[in-house]
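Each residue of the sequence shown is one higher than the one before, starting from 5 at the first, in the numbering used here. First up is the structure itself, then whatever we jot down about it.
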Amino acid sequence: VGLDRASVFLAATSNDELNALACRMAAETLERRHVFQLPPSRPSDSEIGRISLGLFGRSAFSMEATAERLDDLLLEGWKVSATNITKEFSVRDWQEQHADGVPLAVIDGKRHLHVLAAGRRRSVRGGERLVALVPPRAE
């Protein structure tokens, strides 16, 4: 997979088992805290649901951010957006404008990408960029 120069890995296919296998392989090269996969679409119906998710990647974004849900949002016209967070425009301001938005990652001042893990909070500071999936603008 060519992970020797990667700093983060995200398995984002619609196949839960393939994502789990890719994460397992990526975790051999990267620290597990840098290995992510989309949450399983159907954890109770899937083979992956019978195996501890801790063996694979961390769930990315939110537990609702399954491949199917993200595909649906993109088909509805949602776009990936990167917003500068500043003293004048805080995360709270962003949340007010994009209440339905799906935060995906943060780009820090050194231009390092930090994928957001489901169920974990990471503060976004001034000078950083919030990467998110946002709905189309009403025209």
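Using N, Cα and C, we set each Cβ at its ideal position, and we do this for glycine too.
TODO: Please look up how many angstroms separate the CB atoms of residue 111 and residue 120, rounded, as I've assumed it's under 8 Å.
DONE: As a first step, residue 111 must be located in the sequence shown, where it is residue number 107. As a first step, residue 120 must be located in the sequence shown, where it is residue number 116. Wrong, their Cβ atoms sit about 12 Å apart, outside the cutoff.
TODO: To the nearest angstrom, report how far apart residue 82 and residue 139 are at their CA atoms.
DONE: Numbered from its first residue, the sequence shown carries residue 82 at position 78. Numbered from its first residue, the sequence shown carries residue 139 at position 135. Each residue's alpha carbon lies about 4 Å from the other.
- [ ] Please confirm if the stretch 7-27 is in contact with the stretch 61-70, defined as three or more CB-CB distances below 8 Å between the two stretches.
- [x] These segments touch.
Task: Bridge partner(s) assigned by DSSP for residue 2 - done: The requested residue 2 is not part of the displayed model; the chain covers only 5 to 143.
Open item on the list: I'd like the span of the alpha helix (DSSP H) that includes residue 78, first residue to last.
Closed with: The residue given as residue 78 occupies position 74 in the sequence shown. Segment 71-79, the alpha helix (DSSP H) holding residue 78.
Open item on the list: So for residue 108, helix, strand or coil by DSSP?
Closed with: Here the question's residue 108 lines up with position 104 in the sequence shown. Residue state, collapsed to three classes: strand.
- [ ] State yes or no: is the C-beta of residue 137 within less than 8 Å of the C-beta of residue 106?
- [x] By 1-based counting over the sequence shown, the position of residue 137 is 133. By 1-based counting over the sequence shown, the position of residue 106 is 102. Their beta carbons are under 8 Å apart, which means residue 137 touches residue 106 by this criterion.
Open item on the list: Whole angstroms are fine: how far does the CA of residue 80 sit from the CA of residue 2?
Closed with: Nothing can be reported for residue 2: it is not among the residues displayed for the chain, which extend from 5 to 143.
Open item on the list: I'd like the list of long-range same chain contacts for residue 135, defined as Cβ closer than 6 Å, with 5 residues on each side in sequence excluded.
Closed with: As a first step, residue 135 must be located in the sequence shown, where it is residue number 131. Cβ within range, chain order: 86, 108, 109.
Open item on the list: Between 20, 124, 103, 26, which has its C-alpha nearest residue 2's C-alpha?
Closed with: This structure cannot speak to residue 2, because the chain is shown only from 5 to 143.
Task: Range of the contiguous beta strand (DSSP E) that encloses residue 95 - done: As a working note, residue 95 is residue 91 in the sequence shown. Per DSSP, residue 95 belongs to no beta strand (DSSP E); it is in the alpha helix (DSSP H), 95-101.
Task: Rounded C-alpha distance that separates residue 67 from residue 129 - done: For the purposes of this step, residue 67 is taken as residue 63 along the sequence shown, with counting starting at 1. For the purposes of this step, residue 129 is taken as residue 125 along the sequence shown, with counting starting at 1. Spanning the two alpha carbons is a distance of roughly 24 Å.
TODO: Please go through the same chain and pick out, in chain order, the residues whose beta-carbon is closer than 7 Å to the beta-carbon of residue 88, but skip the five residues on each side of it.
DONE: Residue 88 sits at position 84 when you count from the first residue of the sequence shown. Shown here for residue 88: same chain residues with a beta carbon closer than 7 Å to its own, the five before and five after excluded, namely 133 in chain order.
- [ ] Going by DSSP, name the residue or residues bridged to residue 119.
- [x] Along the sequence shown, one-based indexing puts residue 119 at 115. Bridge partners of residue 119: 109.
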